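Numbering (this note's numbering), first residue to last: 1443 to 1505. Beta carbons: idealized from backbone N, C-alpha and C, even for Gly. All of these numbers come straight from a predicted model, not from anything done at the bench. Inspection log for the structure reproduced underneath, given as structure tokens.
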């Protein structure tokens, strides 16, 4: 079981674009993987359950 992630998440701090973020509940306002940043407007995009987050072609993907 994965826990809840709220606020800011930063993976791959040393430039690793292969880093991932996994959370049981993803309710973050900003996600970073390496130097790629995604701002999440919680009014437009609801929180995600069982989220898997990764970078693909300089874009953050949330599944």
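Got a sec, what are the start and stop residues for the beta strand (DSSP E) residue i sits in?
{"i": "residue 1473", "result": "1463–1475"}
{"i": "residue 1480", "result": "1478–1481"}
{"i": "residue 1451", "result": "1446–1453"}
Using a Cβ-Cβ cut-off of 9 Å, state whether residue i counts as contacting chain D.
{"i": "residue 1482", "result": "Among the protein chains of the structure shown there is no chain D, as only one such chain exists."}
Suppose you measure from the CA of residue i to the CA of residue j; what does that come to, to the nearest Å?
{"i": "residue 1484", "j": "residue 1449", "result": "11 Å"}
{"i": "residue 1503", "j": "residue 1497", "result": "6 Å"}
{"i": "residue 1458", "j": "residue 1467", "result": "23 Å"}
{"i": "residue 1445", "j": "residue 1500", "result": "26 Å"}
{"i": "residue 1480", "j": "residue 1452", "result": "11 Å"}
{"i": "residue 1486", "j": "residue 1473", "result": "16 Å"}
In the DSSP output, which residue or residues are listed as bridge partners for residue i?
{"i": "residue 1502", "result": "1497"}
{"i": "residue 1456", "result": "For residue 1456, which the question treats as bridged, DSSP gives no partner whatsoever."}
{"i": "residue 1389", "result": "Residue 1389 lies beyond the range of the chain shown here (1443 to 1505); nothing can be said about it."}
Using a threshold of 9 Å, state whether the C-beta atoms of residue i and residue j are closer than that.
{"i": "residue 1494", "j": "residue 1470", "result": "no"}
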